[in-house]
Amino acid sequence: MSAPDPQFRSRNKSQYQLACRVSGEELGRIPGPSAEQRDLELIQAALGGDLAAFESLVARYERKAFWIAFHVLGRVEESRDVVQEAFVRVYRSLDRFDFSRNFYTWLYRIVTNLAIDQLRKIRTDRSVQIEGFGDEIVGDDIDRPEDNLEDQELRSDVRRVLADVPARFRTVLALRDLHGISCREIAPILGLTHATVRWRLHKARQLFRERWERASRQSKHPRELGDVVGGES
Numbered sequence: 013m014s015a016p017d018p019q020f021r022s023r024n025k026s027q028y029q030l031a032c033r034v035s036g037e038e039l040g041r042i043p044g045p046s047a048e049q050r051d052l053e054l055i056q057a058a059l060g061g062d063l064a065a066f067e068s069l070v071a072r073y074e075r076k077a078f079w080i081a082f083h084v085l086g087r088v089e090e091s092r093d094v095v096q097e098a099f100v101r102v103y104r105s106l107d108r109f110d111f112s113r114n115f116y117t118w119l120y121r122i123v124t125n126l127a128i129d130q131l132r133k134i135r136t137d138r139s140v141q142i143e144g145f146g147d148e149i150v151g152d153d154i155d156r157p158e159d160n161l162e163d164q165e166l167r168s169d170v171r172r173v174l175a176d177v178p179a180r181f182r183t184v185l186a187l188r189d190l191h192g193i194s195c196r197e198i199a200p201i202l203g204l205t206h207a208t209v210r211w212r213l214h215k216a217r218q219l220f221r222e223r224w225e226r227a228s229r230q231s232k233h234p235r236e237l238g239d240v241v242g243g244e245s
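Numbering (the numbering used here), first residue to last: 13 to 245.
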């Protein structure tokens, strides 16, 4: 992957503002108990042949699933393909769903694994260029029309730095700091122990910080990192 673009803007945003603007989502939107119960009801209905119930599940999670895939891949079309395949697999395996678990944890694990597999394929295909992580998203219909130029530039800055973080660390950082998923929930998503997730998160934040500060030093407008990435795990 290429080094971060040196033309970074000098801004000081909090972690919350940064995460919201980069991910396109609001933090803290992990489903609560009532939402989880609704998921189970929809799954039961879908298992009974109610296609509309499954379509409701897709509508509830497809945007979040896209952003999780995108923060691994950095590519719009590939991320959409991953999400489509993930929901196909969910539908085919719905009768094996463990009702003692959260639906979104199961879904996000499928999405993440598919995205990581796709990333490996991209990297082994020498005809595919991966340097432009996240660049194609500018102007795409998933960007919010109310975003101003500063918001777009901020997202571009963070994506370039995030792209320079190795995938195994970037994935944990994105799930925790951009999507607000706890380390205990990330562990089953990635098939890791809680301790390993916490270690990777610590390392990911360190790597992100180092790259962010290096990019800032190269910029015409040096800046302090502030609290771009969080300290809580």
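Positions of the beta carbon are idealized from the N, C-alpha and C atoms, including for glycine. Keep in mind the model is a prediction, meaning the values are calculated, not measured.
DSSP places Ser194 in no alpha helix (DSSP H); its state is neither H nor E.
A direct Cα-to-Cα measurement between Val88 and Leu59 gives close to 31 Å. CA-CA distance, Ile201 to Arg229, rounds to 36 Å. In the three-state scheme derived from DSSP, where H, G and I count as helix and E and B as strand, Phe111 is classed as coil.
With distances taken between CA atoms, Ile193 lies nearest to Arg121 out of Ile134, Asp169, Val100 and Arg121. For the set Asn125, Ala47, Leu190 and Leu131, the Cα lying nearest the Cα of Leu204 is the one of Asn125. DSSP places Thr124 in the helix class (H, G or I) of the three-state scheme.
Remark: C-beta atoms of Ala65 and Leu54 approach each other more closely than 8 Å.
By the CB criterion at 8 Å, Leu131 and Ala179 fall inside the cutoff. Boundaries of the alpha helix (DSSP H) around Thr208: His206 to Gln230. Judged by DSSP secondary structure, Leu63 falls within the alpha helix (DSSP H) whose first and last residues are Leu63 to Leu85.
Bounds of the alpha helix (DSSP H) holding Val94 are Val88 to Arg104.
Between the beta-carbon of Trp224 and that of Val177 there is about 10 Å, and that puts the pair past the 8 Å contact cut.
Asp51 sits in a helix when the DSSP states are folded into three classes. DSSP, reduced to helix, strand and coil, places Asp176 outside both helices and strands of the structure shown, so it counts as coil.
Separation of Asp189 and Trp211 (C-alpha to C-alpha, rounded to the nearest whole angstrom) is 14 Å. By the CB criterion at 8 Å, Ala199 and His206 fall inside the cutoff. The alpha-carbon of Asp107 is positioned some 19 Å away from that of Gln96. Per the coordinates, the alpha-carbon of Thr208 lies some 31 Å from the alpha-carbon of Arg50. If you compare the alpha carbons of Ile134, Gly86 and Arg104 with that of Val170, the shortest gap goes to Gly86.
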